[in-house]
Amino acid sequence: MKTELRGTRTTPISLQNPSLLSSAQSSLSGALKGCLGSLDGGCIEKLLLHCASALESNDVTLAQQVMWVLNNVASAVGDPNQRLTSWFLRALISRASRVCPTAMNFNGSNTLLQRRLMSVTELAGYVDLIPWHRFGFCASNSAIFKAIEGCPKVHILDFSITHCMQWPTLIDALGKREGGPPSLRISVPSWRPHVPPLLNVSSEEVGLRLANFAKLREVLFEFNVIEDHTSSSEESSSFHYDSLLSKLNPATLNLRDDEVLVINCQNWIRYLPDEQQGCARDAFLEIIKGLNPRIIIIVDEDSDLGASSLTSRITTCFNYLWIPFDALETFLPKDSTQRIEYEADIGHKIENIIGFEGIQRIERLESGIKLCQRMKNSCFLSVPFDEETVGEVKLLLDEHASGWGMKKDEDMLVLTWKGHNSVYATAWAPCVFED
Numbered sequence: 001m002k003t004e005l006r007g008t009r010t011t012p013i014s015l016q017n018p019s020l021l022s023s024a025q026s027s028l029s030g031a032l033k034g035c036l037g038s039l040d041g042g043c044i045e046k047l048l049l050h051c052a053s054a055l056e057s058n059d060v061t062l063a064q065q066v067m068w069v070l071n072n073v074a075s076a077v078g079d080p081n082q083r084l085t086s087w088f089l090r091a092l093i094s095r096a097s098r099v100c101p102t103a104m105n106f107n108g109s110n111t112l113l114q115r116r117l118m119s120v121t122e123l124a125g126y127v128d129l130i131p132w133h134r135f136g137f138c139a140s141n142s143a144i145f146k147a148i149e150g151c152p153k154v155h156i157l158d159f160s161i162t163h164c165m166q167w168p169t170l171i172d173a174l175g176k177r178e179g180g181p182p183s184l185r186i187s188v189p190s191w192r193p194h195v196p197p198l199l200n201v202s203s204e205e206v207g208l209r210l211a212n213f214a215k216l217r218e219v220l221f222e223f224n225v226i227e228d229h230t231s232s233s234e235e236s237s238s239f240h241y242d243s244l245l246s247k248l249n250p251a252t253l254n255l256r257d258d259e260v261l262v263i264n265c266q267n268w269i270r271y272l273p274d275e276q277q278g279c280a281r282d283a284f285l286e287i288i289k290g291l292n293p294r295i296i297i298i299v300d301e302d303s304d305l306g307a308s309s310l311t312s313r314i315t316t317c318f319n320y321l322w323i324p325f326d327a328l329e330t331f332l333p334k335d336s337t338q339r340i341e342y343e344a345d346i347g348h349k350i351e352n353i354i355g356f357e358g359i360q361r362i363e364r365l366e367s368g369i370k371l372c373q374r375m376k377n378s379c380f381l382s383v384p385f386d387e388e389t390v391g392e393v394k395l396l397l398d399e400h401a402s403g404w405g406m407k408k409d410e411d412m413l414v415l416t417w418k419g420h421n422s423v424y425a426t427a428w429a430p431c432v433f434e435d
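Be aware that the sequence shown starts at 1, since it is given in UniProt numbering, and climbs by one per residue.
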């Protein structure tokens with residue numbers, strides 16, 4: 001991550017009043033000028049923190065000075081640090097434009113709001129690009145397959161942001177199950193946080209495609225969309241968690257006594273608010289525990305990005321989200337459209353983490369270690385991943401760059417990039433207390 005940055009900036013950030021930044025060069029402090037000669041990852045991080053501190057103290061002049069330096073480093077088609085910096089700079093200017101709109105107005109700020117819609121084929125390519133999502137799919141499907149062994153009827157309650165891309169692999173495995181496949185029912189909520197990846201077809205259309213695939217694999221299949229008529233599909237800044245919790249009951253979910261219930265959460269729990277005791281995350285866990293599932297799978301990114309302090313979030317975010325930028329560098333050219341679009345989706349996340357506060361800041365990751373403690377506090381027992389699952393994940397990672405690895409960490413399987421934690425996968429079951 002501490003790679004030196006060389007080369008010139010080819011894609012500048014466009015400012016409404018660029019003279020403010022260019023004039024700031026002459027008044028740069030010695031410490032900031034000293035960074036110009038050796039802008040490695042560590043120096044960029046310091047600059048970002050200087051800028052954040054200036055914004056938090058309403059020091060517009062200092063913020064402009066630091067942004068001038070960052071603007072001369074950032075490049076959307078540079079090396080990984082330059083590309084990452086360009087998105088942090090956009091996020092900081094977006095934040096500053098709300099504090100001091102006359103001095104700071106980012107012409108390109110609306111680009112993040114124009115989020116692209118993918119076709120199913122494009123989404124498949126997106127998921128396959130790096131193992132960021134496939135790692136969780138593989139570990140989860142293997143654990144689910146083992147948990148429902150011998151069960152004739154299975155109901156999966158799916159909370160995810162990847163539009164059921166996980167399930168064809170499981171359906172294929174169930175079709176080959178010794179003794180014949182179970183009947184499979186998958187239920188998904190109609191509402192989701194308005195974050196990438198976004199699909200250009202409805203959940204119902206996704207369900208039809210899954211049904212056709214299941215028919216080819218001779219798996220009896222049913223797909224249900226849990227409707228929520230109180231929320232808007234266009235809502236981007238607030239997730240209707242209160243409405244969600246009200247829908248998680250046996251009647252609305254149409255739970256059946258002869259079905260085994262599986263609950264799958266992929267990159268999703270982070271969008272439930274966690275700012276206060278008795279938060280929506282704990283309420284969600286308490287409710288799903290009451291549904292008596294056979295197994296609960298939770299997969300998410302392994303980082304803590306929920307701090308109230310902007311500087312803390314910048315440090316953690318910068319030292320975490322360099323991972324996908326660095327991984328993409330290993331196999332895609334700098335001007336690759338696929339790479340630029342993938343990074344733009346990460347940029348949307350960065351803007352939310354850095355640029356917003358309160359209910360508008362919906363990206364609130366917690367680390368795997370904290371999640372595991374939350375699960376234990378809610379009276380769930382860890383379900384260990386067996387060696388067969390570990391082997392399947394290793395085979396998956398062999399298809400990708402050598403920098404990807406996997407480790408067992410207490411109750412988790414963890415995807416790593418060059419030794420750094422990226423994504424965790426965990427499996428849980430409700431505690432059963434004897435009377």
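Ideal placement from N, C-alpha and C gives every residue a C-beta, glycine not left out.
Quantities reported herein were computed from a predicted structural model and do not represent experimental measurements.
Inter-residue Cα distance where the pair is residue i and residue j
i	j	result
residue 403	residue 255	43 angstroms
residue 381	residue 370	15 angstroms
residue 335	residue 297	37 angstroms
residue 237	residue 359	With a pLDDT of only 40 at residue 237, under the threshold of 50, the placement of this residue in the model should not be trusted, and no figure is reported.
residue 393	residue 126	19 angstroms
residue 420	residue 46	21 angstroms
residue 289	residue 248	11 angstroms
residue 69	residue 320	22 angstroms
residue 148	residue 347	38 angstroms
residue 338	residue 349	17 angstroms
residue 261	residue 316	36 angstroms
residue 285	residue 227	21 angstroms
residue 353	residue 176	43 angstroms
residue 178	residue 406	29 angstroms
residue 367	residue 267	12 angstroms
residue 24	residue 58	Residue placement at residue 24 is poorly supported in this model, since its pLDDT is 47, which falls under 50; the coordinates are not used for a value here.
residue 121	residue 50	43 angstroms
residue 399	residue 128	10 angstroms
residue 412	residue 170	21 angstroms
residue 215	residue 180	14 angstroms
residue 78	residue 418	21 angstroms
residue 40	residue 80	11 angstroms
Extent of the continuous alpha helix (DSSP H) to which residue i belongs
i	result
residue 168	167-175
residue 53	41-56
residue 133	131-147
residue 265	Where residue 265 is concerned, there is no enclosing alpha helix (DSSP H), although the beta strand (DSSP E) it sits in stretches over 260-266.
residue 286	280-290
residue 436	In the structure as shown, the chain starts at 1 and stops at 435, and residue 436 therefore has no counterpart that could be examined.
residue 208	203-216
residue 224	No alpha helix (DSSP H) holds residue 224; the beta strand (DSSP E) holding it covers 221-226.
residue 318	310-329
residue 349	337-355
residue 195	Run containing residue 195: none; DSSP gives neither H nor E here.
Rounded distance between the beta-carbons of residue j and residue i, thought under 8 angstroms
i	j	result
residue 383	residue 314	Incorrect: roughly 36 angstroms between the Cβ atoms, too far for contact.
residue 164	residue 201	Not confirmed; about 11 angstroms, so no contact.
residue 356	residue 48	16 angstroms between Cβ atoms; not a contact.
residue 132	residue 423	6 angstroms
residue 75	residue 82	4 angstroms
residue 330	residue 401	5 angstroms
residue 94	residue 311	That belief does not hold up - the Cβ atoms of residue 94 and residue 311 are roughly 17 angstroms apart, past 8 angstroms.
residue 245	residue 287	6 angstroms
CB contact flag (residue i, residue j, <8 angstroms)
i	j	result
residue 140	residue 264	yes
residue 409	residue 146	no
residue 389	residue 143	yes
residue 182	residue 174	yes
residue 396	residue 138	yes
residue 92	residue 325	no
residue 425	residue 213	no
residue 210	residue 117	no
residue 161	residue 328	no
residue 190	residue 253	no
residue 96	residue 55	yes
residue 89	residue 72	no
residue 379	residue 430	yes
residue 374	residue 259	no
Span of the beta strand (DSSP E), counted from its first residue to its last, around residue i
i	result
residue 426	420-430
residue 297	295-301
residue 157	153-160
residue 376	Where residue 376 is concerned, there is no enclosing beta strand (DSSP E), although the alpha helix (DSSP H) it sits in stretches over 368-377.
residue 413	412-417
residue 409	404-409
Minimum Cβ-Cβ distance from residue i to chain D less than 8 angstroms
i	result
residue 197	The structure shown contains no chain D; it holds only a single protein chain.
Between the region 189-202 and the region 147-156, do three or more beta carbon pairs fall short of 8 angstroms? Cβ pair count under 8 angstroms is below three, so no.
For the pair the region 360-373 and the region 298-317, tell me if three or more CB-CB distances fall below 8 angstroms. As far as the Cβ criterion goes, the region 360-373 touches the region 298-317, which means the pair count is three or higher.
Contact between the region 267-277 and the region 209-221: three or more CB pairs below 8 angstroms? No, they do not touch.
Three Cβ pairs or more, each shorter than 8 angstroms: is that satisfied between the region 279-289 and the region 327-347? Three or more Cβ pairs closer than 8 angstroms define a contact, and the region 279-289 falls short of that threshold against the region 327-347.
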